[in-house]
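In our numbering, the protein residues as written are 0 to 365.
C-beta: ideal position from N, C-alpha, C; glycine also.
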């Protein structure tokens with residue numbers, strides 16, 4: 000019931016607030032995390048009298064990895080596959096989760112390529128600030144939260160921030176302190192903003208791709224009103240499907256959905272944005288093939304990975320058909336997306352009808 004109510008609230012916010020409401024949600028989300036992240040980082044440092052060396056020693060001691068805590072291989076293993084998996088997963092989280100969803104919305108509203116680059120610069124600055132504070136939050140979690148408790152939550156650390164907030168509050172696990180309450184509010188705002196943006200983008204894509212009239216002349220007001228009705232109808236239909244899927248898969252490990260979302264985001268958006276912000280437009284065929292090919296690669300390799308079978312926290316922990324050793328296939332799908340965009344961009348400048356207006360280019364400067 001909680002899943003249905005939360006999904007209904009997200010759907011209502013997206014349908015009522017539309018793009019303006021989603022933007023306000025994102026502003027609130029960014030503001031809350033820009034406030035809470037440095038505050039928690041300072042609280043972690045104060046716990047160890049501002050001594051970073053003492054913080055690292057405590058983290059190493061609590062995690063039982065003396066002499067190897069700052070090395071690689073602790074998450075996915077120390078072999079070649081483990082190092083590659085760490086590289087791909089870290090890139091997906093950093094770019095696909097923290098940067099691309101928010102900057103893509105800002106780029107869509109930019110009037111020209113110069114404004115889009117400025118928006119990207121602001122987003123990159125905020126991201127670098129949050130990443131720098133995340134280092135202290137990660138070390139603080141390792142130092143203040145027990146190893147067994149972290150292991151129970153899985154290797155991807157979906158609730159580590161909440162566990163750190165409980166430790167900093169000085170309360171027992173299960174009790175909600177002031178810091179924990181603020182973290183819960185910030186996370187809820189994040190989910191609300193991200194889900195609203197995804198619903199808006201998905202409904203707009205459905206209307207754009209499937210709702211075109213067959214060349215008949217329609218009055219502008221009627222076209223605008225009809226498009227709004229179709230967009231809201233598509234949004235409601237898509238939202239209902241998402242709520243049903245979430246309600247039916249409530250016992251499924253969330254790591255599967257997180258890795259799939261991060262990988263798909265970085266595989267499709269990153270190549271398109273990099274090429275679209277250049278001086279040469281990319282054709283519509285490049286967009287279609289980039290999305291379709293990278294999606295097929297991601298779904299196929301994730302299905303054959305330990306994320307779906309063969310591990311304790313897999314989607315199907317009781318089965319084992321994994322033959323692809325990496326959790327995230329981004330090391331293969333992202334270069335494939337760049338290769339597709341590069342191949343199509345070599346054919347020449349695309350026409351405006353093929354490029355659309357979702358990402359601005361230099362030609363828009365006039």
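Identity of the residue in the options nearest residue i by Cα
| i | options | result |
| --- | --- | --- |
| residue 1 | 334, 242, 42 | 242 |
| residue 93 | 148, 264, 180 | 264 |
| residue 201 | 232, 180, 167 | 232 |
| residue 255 | 88, 135, 82 | 88 |
| residue 54 | 138, 121, 23 | 138 |
| residue 237 | 34, 204, 262 | 204 |
| residue 168 | 309, 46, 191 | 46 |
| residue 164 | 27, 39, 327 | 39 |
| residue 23 | 81, 192, 248, 260 | 192 |
| residue 115 | 276, 285, 296 | 276 |
| residue 132 | 247, 308, 51 | 51 |
| residue 284 | 190, 177, 341 | 341 |
| residue 31 | 187, 296, 117, 269 | 187 |
Spatial neighbours of residue i in its chain, beta-carbon cut-off 8 Å, leaving aside the 5 residues before and after
| i | result |
| --- | --- |
| residue 4 | none |
| residue 251 | 314 |
| residue 86 | 330 |
Per-residue burial, residue i [other beta carbons within 10 Å of its own, 16 or more giving buried]
| i | result |
| --- | --- |
| residue 234 | buried |
| residue 48 | exposed |
| residue 239 | exposed |
| residue 110 | exposed |
| residue 336 | buried |
| residue 258 | buried |
| residue 332 | buried |
| residue 316 | exposed |
| residue 339 | buried |
| residue 6 | buried |
| residue 291 | exposed |
| residue 289 | buried |
| residue 422 | Here the chain covers residues 0 to 365 and nothing more, so residue 422 does not appear. |
| residue 9 | buried |
| residue 221 | In this predicted model, residue 221 has a pLDDT of only 44, less than 50, meaning its place in the structure is not dependable; the value taken from the coordinates is given anyway. With fewer than 16 other Cβ atoms within 10 Å, it is exposed. |
| residue 195 | buried |
| residue 179 | buried |
| residue 84 | buried |
| residue 249 | exposed |
| residue 120 | exposed |
| residue 118 | buried |
Integer-rounded CB distance, given that residue j should sit under 8 Å from residue i
| i | j | result |
| --- | --- | --- |
| residue 13 | residue 198 | 4 Å |
| residue 306 | residue 314 | 7 Å |
| residue 329 | residue 91 | 5 Å |
| residue 379 | residue 58 | Any answer about residue 379 is impossible in this case: the structure gives the chain only from 0 up to 365. |
| residue 33 | residue 125 | 7 Å |
| residue 148 | residue 162 | 7 Å |
| residue 189 | residue 28 | 5 Å |
| residue 327 | residue 262 | 5 Å |
Residues near residue i in its chain [Cβ-Cβ closer than 6 Å; skip 5 each side]
| i | result |
| --- | --- |
| residue 129 | 36 |
| residue 143 | 166 |
| residue 352 | Residue placement at residue 352 cannot be trusted, given a pLDDT of 41 that sits under 50; the coordinates are not used to answer. |
| residue 43 | 135, 139 |
| residue 78 | none |
| residue 15 | none |
| residue 177 | none |
| residue 145 | none |
Sequence-distant residues of the same chain with beta carbon closer than 7 Å to residue i, five excluded per side
| i | result |
| --- | --- |
| residue 345 | none |
| residue 293 | 266, 267, 332, 335, 336 |
| residue 298 | none |
| residue 323 | 300, 303, 304 |
| residue 318 | 308 |
| residue 181 | 35 |
Q. Which runs of the alpha helix (DSSP H) spanning at least 4 residues fall entirely within the stretch 232-312, listed in chain order?
A. Complete alpha helix (DSSP H) runs here, min 4: 253-275, 283-302.
Q) What are the start and end residues of each continuous alpha helix (DSSP H) run of 4 or more residues lying completely inside the stretch 106-151, in chain order? A) Correct list: 112-143, 146-151.
Q) Which runs of the alpha helix (DSSP H), 4 residues or longer, sit entirely within the stretch 13-62? A) Taking only runs of at least 4 residues, the alpha helix (DSSP H) segments lying wholly in the stretch 13-62 are 51-62.
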